[in-house]
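So the sequence shown is residues 545 to 629, counted in my numbering.
Presented below is the structure to which this report refers.
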Amino acid sequence: MPFSAPGVELAAVAPELALSVAALLLLLVDAVAGGSLGRAYLAPFATLGFAASIVVALSLWRQVTVEGPEVQLAGMVALDGFAIF
């Protein structure tokens with residue numbers, strides 16, 4: 545029986561990925577240059593990460609309202625209006 549890999553679409557978890565990437569970048573920048581930059585950049589950078597997550601979620605919301613709900617990541621994640629909210 546041949547193995548068929550499931551299709552991996554990361555659209556359903558894109559808002560969480562945007563937040564995670566922003567958080568990891570923020571931790572990395574703070575670890576590398578934390579003392580020399582001060583702390584004034586933390587809040588604006590976190591707000592940008594949150595805004596990116598909202599933009600991705602809104603685009604997913606528009607996609608779901610046009611195309612309808614779907615199941616992604618081999619049936620593990622539902623992409624519908626409630627999940628996006």
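A virtual CB, placed ideally from N, CA and C, is assigned to each residue, including glycine.
Beta-ladder partner(s) of residue i, from DSSP
{"i": "V615", "result": "A622"}
Spatial neighbours of residue i in its chain, beta-carbon cut-off 8 Å, leaving aside the 5 residues before and after
{"i": "E560", "result": "S597"}
{"i": "M620", "result": "none"}
{"i": "L570", "result": "L586, F589, A590 and G593"}
Pairwise C-alpha distance: residue j and residue i
{"i": "V552", "j": "S564", "result": "18 Å"}
{"i": "F594", "j": "A555", "result": "17 Å"}
{"i": "A584", "j": "A567", "result": "16 Å"}
{"i": "V608", "j": "V600", "result": "12 Å"}
{"i": "L581", "j": "V573", "result": "9 Å"}
Contacting residues, own chain, Cβ-Cβ under 7 Å from residue i (five flanking each side not counted)
{"i": "P613", "result": "A622, L623 and D624"}
Exposure of residue i, with buried meaning 16 or more beta-carbon neighbours within 10 Å
{"i": "L502", "result": "The chain is shown from 545 up to 629; residue 502 falls before or after that span and cannot be answered."}
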